[in-house]
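Chemist: For my numbering, add 1423 to where a residue sits in the sequence shown, where the first one is 1.
Don't be surprised by glycine CBs; every beta carbon is placed ideally from N, CA and C.
Once you've had a glance at the structure underneath, I'll fire off some questions.
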Amino acid sequence: MTKVTSVMLTWQNTAWEYQAHPPQIAILPLACLEPHAAHLPIGTDRIIIGEIARRVAEQIGAPTMLLPTWSLGTSGHHAGKTGAIYLRFETLWAVVRDVVTSLHEHGIHQVAVINNHGSAMTGTTRPIGNFIVKTAVRQLNYETPGLTAIWVQPFAAARAELANLFPSARSELHAGAVETSLLMRLARDLVGALPPDHVPDVAPNYLDFAPFKKIAPRGIWGKPSEASADQGARALEIIVQATTDYITTTFKQLKEIKQRG
Ligand SMILES: [Zn+2]
């Protein structure tokens, strides 16, 4: 008989299969619907996050529940632009809280929230946004004994490797070489003619003070001219590996920390 060492369960499995292989970890992928310049679909993040999360859940090495990709984020910086369909921040907070709480009731006490794809611009693997997801995860940990929730942004987790692969990765925030390459790899038919590159002359935290369309009027923050399907395939592999490593290492460290007397 083959010993089961790794099982990924999804919405396609039965409750009986969940009882036979109780998941130890759940992966909750959070995406968004927002404009991605003239060449990528509004569901770009859903495609990218969904595939990264699926591959991470397969690799993680413990029975893992992969939740369906949640498609609506808090794209306030794109407000008023066609294609930006988003939630109020307190609504997303409630979504994260309620989903994680119900997983905890099922006996799944480790939940990794894949909080959008993030950016390679950061100096750390720790995610920089979405702030409300951070708050939701923090409060869940503080208010729910026995639960460990973490959040991860895949591009931040792989930031060093992405910077080696794409010369512009550290100056890319949106619809640039990394996102365009991944879409060329995952959904080639959905990628249109590449628009001109655009790297704004201000830091990304200016998005806290001014809308995206004022800083990057054509919806691009990066260099789509550097994109290719081959680069997308390589990027996908390193992003999945870095995200898997981040999740397993962080849960291991937190388990050790929480067992201290
Ligand atoms: Zn995106």
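(1) Under a three-way DSSP split, which group does Trp1516 fall into?
(2) Please report the straight-line C-alpha distance between Ala1600 and Asp1468, rounded to a whole angstrom.
(3) State whether the stretch 1431 to 1440 contacts the stretch 1484 to 1495, with contact taken as three or more CB pairs (one from each stretch) at a distance under 8 angstroms.
(4) Can you tell me which of the three DSSP states Leu1456 falls into?
(5) Assign Ile1680 to one of two classes, buried (16 or more other C-beta atoms within 10 Å of its C-beta) or exposed (fewer than that).
(6) Only counting the same chain, and skipping five residues up and downstream in sequence, which positions put a Cβ closer than 6 angstroms to that of Ala1665?
(7) To which residues of the same chain is Ala1586 closer than 7 angstroms at the C-beta, ignoring the five residues directly before and after it?
(8) Please check the pair Val1479 and Val1519, which I expect to be a contact at CB under 8 angstroms, by giving their CB distance rounded to whole angstroms.
(9) Where Leu1630 and Thr1673 are concerned, what is the direct C-alpha to C-alpha distance, given to the nearest angstrom?
(10) Flag Arg1561 as yes if its beta-carbon sits less than 8 angstroms from any beta-carbon of chain B, otherwise no.
(11) I'd like to confirm the pairing. Which residues does DSSP put opposite Asn1538 in its beta bridges?
(12) Would you mind working out which of Pro1627, Gly1546 and His1597 sits nearest Ala1583, comparing C-alpha positions?
(13) Using the rule of at least 16 other Cβ atoms within 10 Å of the residue's Cβ for burial, across every protein chain shown, is Thr1425 buried or exposed?
(14) Identify, in the order they occur along the chain, each residue of the same chain with its Cβ nearer than 6 angstroms to the Cβ of Ile1471, setting aside the five sequence neighbours on each side.
(15) Below 7 angstroms, is the gap between the Cβ of Asp1521 and the nearest heavy atom of ligand 1?
(16) Going by other Cβ atoms of all chains shown within 10 Å of its Cβ, with 16 needed for buried, is Tyr1669 buried or exposed?
(17) From Thr1603 to Gly1684, what distance separates their C-alpha atoms?
(18) Determine, using beta carbons only, whether Glu1528 and His1501 come nearer to each other than 8 angstroms.
(19) For Ala1535, does the count of other Cβ atoms within 10 angstroms reach 16, so buried, or fall short, so exposed?
(20) Here's the rule I'm using: 16 or more other beta-carbon atoms within 10 Å means buried, otherwise exposed. How should Ala1633 be labelled?
(21) Go to Asp1663, then tell me how far its beta strand (DSSP E) extends in each direction, as first and last residue.
(22) Please state the DSSP three-state secondary structure of Gln1442.
Modeler: The short version:
(1) helix
(2) 14 angstroms
(3) yes
(4) strand
(5) exposed
(6) Ala1580 and Ala1581
(7) Ala1543, Ala1592 and Arg1593
(8) Actually they are not in contact, since the Cβ atoms of Val1479 and Val1519 sit about 18 angstroms apart, beyond 8 angstroms.
(9) 29 angstroms
(10) Note that chain B does not occur in the displayed structure, where there is just one protein chain.
(11) Leu1453
(12) Gly1546
(13) Caution applies to Thr1425, whose pLDDT of 45 falls short of 50 and renders its modelled position unreliable; the value that the coordinates give is listed next. Classification of Thr1425: exposed, given that the 10 Å Cβ count is below 16.
(14) His1540 and Leu1605
(15) no
(16) buried
(17) 48 angstroms
(18) no
(19) buried
(20) exposed
(21) Reading off the sequence, residue 1663 comes out as Val, not Asp. Unbroken run through Val1663 is the alpha helix (DSSP H), Ala1652 to Lys1681; no beta strand (DSSP E).
(22) helix
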